[in-house]
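Numbering of the first sequence is given in this note's numbering, commencing with residue 87 and proceeding in unit increments. Virtual Cβ for every residue (Gly too), placed ideally from N, Cα, C. Heads up: the structure comes next, in structure tokens.
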Amino acid sequence: MTGRYYLTTPIYYVNDAPHVGTAYTTIMADALARWHRLAGDETWFVTGTDEHGLKILRTAEENGLSPREWVDRTSQRFVQAWGALELTNDDFIRTTEERHYRSVQRFMQAIHDNDYLYKGTYEGWYCVSCEAYYLEEDLVGENLCPVHESPVEWFAEENWFFALSRFADRLIAWYDEHPEAIHPETRRNEALGILKGGLRDISITRTSIDWGVPVPWDPGHVFYVWYDALVNYISAVGYGTDNGRFEHWWPSVHHLIGKDIIRFHCVWWPAMCMAAGIDPPARYLVHGFLMVGGRKMAKTAYNQVDPVELANDVGNDVLRYYLIRDFPLGPDGDFTYEGLVERYNADLANNLGNLLQRVATVVEQKCGGIGRAPRPAAESPLAASAVEHVKTAYEAWGRFSPHEALEATWRIIRAANAELEAVAPWKIDPGPEVDGVLGDAIEALRIVAILASPVLPRASREIWARIGLSREVDAPGNADLSGSLAWGGYPGGAPVTKGPPLFPRRAAE
RNA sequence: GGCGGCGUAGCUCAGUUGGUAAGAGCACACGGCUCAUAAUCGUGGGGUCGCGGGUUCGAGUCCCGCCGCCGCUACCA
């Protein structure tokens, strides 16, 4: 299924620090991107930061910096966090970049040219922190913002409106024709619910500030931050600046988003695309929230865990494994340190790490440290189940269900442990039987390393090194059912080396 | 209020269009093994599938009502 795979995360608001919630989204995206590279797809993975708006302007002032200096500094926190977590994004888009300005202006100009914009007046109670207007009845206490409980301000300004209301029917029709566009289905229903409820035009420019992308046909206006932000998905691949490149990647895009921003991504954004005359994005992958002790890991809360600190503590691979194995892409999940340790000990230390260790020891004792080739599929008791689980894992990745893929992958590990137990090569003299079972076990490790590499990039490389393979475990195209993932790829004759435990057991706390 | 979703073993969850599947992993108990990170392998206990009705030869699986939790409700990531 070699194809083109353009994957995005939301761009993160630069005033906030990276937290486990944003790390979850970005790590999930990274794993999906790694899988698709592994499957031989031409892959482009982009994340970035959202850097406009009044809130940023004000915090910059509070810090005695120009907005430019402020966002240069704060966006680095994201660049550094993703670097520390060894994420493999191909680009990092910032909404304050020149290329983004040019794309936004071209894009909005196209919408304007197509007569979907008109001038109107908007006034109401405005919360600077939310960058949003509120209806009077939604305010709490003495004119306080319902989210921040801080005073709102009365704003009245003339701005440009986008005729979103004209797109409800077209969007419904489009989603009818593209039933796979939103995953999982429950989120698709939510989006359709929004559409069927009817849409209201929305104002998309501001005159009250100048920290934003200027409206090209009306000096003094800048685009409202949300509208400028969504365009990142096309500015990052050259819309209006490198159209050949844009057409290469669009619309074969997958937007990974949280369930809270469905309205913007599944309603506003495709409507904007239609208005500008380009295809709506092909697919949305909507994930749930990580909760801590049953509570939403809100970005405004103080009970946040620093994902880099956590990763430094437990290891990048381990954090990745926990987030991807324990939280299906869709529902909410409860993030706990205990859960992480439990998962780590059971799957990584006891199953995978220990399998590698015991195999290395027995190969050393019985085979002089030289790995044996696996038996042919027809003769190996392990092969049949391995092949089946490989297939399941492969398909699960394709279904955006990496947690299932990992579950299937670990079945191979269990089967390998069971076969070792059944034959007990450590009890018998060197010979064909010992060679066969050890070859099978090494072969299982080889295959598992490939399948797990999008989630455990470091450990997978280490496993391949220890079983004496020199090629890259994550070489593009290695996820190939009839190629590298087929039974029997381990050549035998390579040195198998023992090393320190891959994943030492952690004491529960 | 409206719309949508959820409620399955102690925990996290699977359960296609209703019919021998009430399951997996973890945890727990017992047994085996000792190559391995007190790891591993085997066996087992345990669930009225939120509650109450209904449809059906047969319902976690469909319908109605109720209870509990959650999301969205129209410019908060």
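Counting C-beta neighbours from all protein chains within 10 Å, is the total for Gln166 16 or more, i.e. buried, or is it exposed? exposed
Cβ distance (whole Å) where Leu316 is taken to contact His340 below 8 Å: Not a contact, Cβ separation roughly 15 Å.
Name the DSSP beta bridge partners of Gly439, please? In DSSP, Gly439 forms no bridge with anything.
Taking the straight line between their C-alpha atoms, what separation do you get for Tyr576 and Ser471? 17 Å
Strictly by DSSP, which residues pair up with Leu93? Phe131 and His340
Would you kindly work out how many angstroms separate the C-alpha atoms of Phe589 and Arg544, rounded to a whole number? 11 Å
Do three or more CB pairs link the region 565-584 to the region 138-153 at distances below 8 Å? no
For Asn564, count neighbouring C-beta atoms within 10 Å of its own C-beta (all shown protein chains included) and say buried if the count is 16 or more, exposed if not. buried
Mind checking Tyr388: buried by the 16 CB within 10 Å criterion, or exposed? Note that Tyr388 scores 37 on pLDDT, short of 50, meaning its location in the model is unreliable and no value can be drawn from it.
Any heavy atom of the ligand FAD inside 8 Å of the beta-carbon of Phe131? What this structure holds is no ligand at all, so the ligand FAD is not there to describe.
On the three-pair Cβ rule with 8 Å, is the region 123-135 touching the region 174-182? yes
Fully enclosed by the region 471-509, which alpha helix (DSSP H) runs are 4 residues long or longer? 488-509
Is it right to say Glu155 is buried, meaning 16 or more other beta carbons lie within 10 angstroms of its own, or is it exposed? exposed
So who's on the other strand from Leu143, going by DSSP bridges? For Leu143, which the question treats as bridged, DSSP gives no partner whatsoever.
Is Phe98 helix, strand or coil when you go by DSSP? Rather than Phe, the amino acid found at residue 98 in this sequence is Tyr. Tyr98 falls in the strand class under three-state DSSP.
Taking 9 Å as the cut-off, decide whether the C-beta atoms of Asp314 and Val190 are in contact. yes
Taking buried to mean at least 16 other C-beta atoms within 10 Å of its own C-beta, is Ser321 buried or exposed? buried
Starting from Asp248, trace the beta strand (DSSP E) both ways and give me its first and last residue. Going by the sequence as given, residue 248 is Phe instead of Asp. Looking at the DSSP string, the run of the beta strand (DSSP E) that includes Phe248 is Glu239 to Phe248.
Grab the span of the alpha helix (DSSP H) containing Tyr52 for me, first residue to last. Only positions 87 to 595 of the chain appear in this structure, which leaves residue 52 out of reach.
Please state whether the Cβ-Cβ distance between Asn318 and Ile179 is less than 9 Å. yes
What is the C-beta distance between Asn455 and Pro581, in whole angstroms, given that I count them as a contact (C-beta under 8 Å)? Reading off the sequence, residue 455 comes out as Gly, not Asn. Right, their Cβ atoms sit about 6 Å apart.
With contact counted as at least three CB pairs below 8 Å, one residue from each stretch, are the region 554-563 and the region 485-496 in contact? no
Mind checking whether Ala469 and Arg458 have CB atoms under 9 Å apart? no
Let's test the definition: count the other Cβ atoms within 10 Å of the Cβ of Tyr325 and tell me whether it reaches 16, buried, or not, exposed. buried
From Tyr91 to Leu118, what does the alpha carbon distance come to, in whole angstroms? 10 Å
For Pro302, which residues from the same chain have a beta carbon less than 8 Å from its beta carbon, with the 5 sequence-adjacent residues on both sides left out? Gln191, Met194 and Gln195
If you run the structure through DSSP and keep just helix, strand and coil, what is Leu588? coil
If you follow the beta strand (DSSP E) that Phe413 is in, where does it begin and where does it stop? No beta strand (DSSP E) holds Phe413; DSSP gives it neither H nor E.
Cut-off 7 Å between Cβ atoms - residues of its own chain near Lys205, not counting five sequence neighbours on either side: Glu244 and Trp246
Proximity winner among Arg532, Gly585, Thr583 and Lys584, relative to Ile560 (alpha-carbon distances): According to the sequence as given, residue 560 is Asp; it is not Ile. The shortest C-alpha separation from Asp560 is found at Arg532.
Rank Thr207, Asp403 and Ala530 by C-alpha distance to the C-alpha of Ser289 and give the top, closest one. Thr207
Please list the terminal residues of the continuous beta strand (DSSP E) segment that includes Gly206. Leu203 to Cys213
Cα-Cα separation between Glu266 and Pro367, rounded to whole angstroms: 12 Å
When the Cα atoms are used, what is the spatial distance from Phe332 to Asp365? 12 Å
Ordered along the chain, which non-local residues of its own chain (more than five positions away) have a Cβ less than 6 Å from that of Ala538? Thr495 and Ser546
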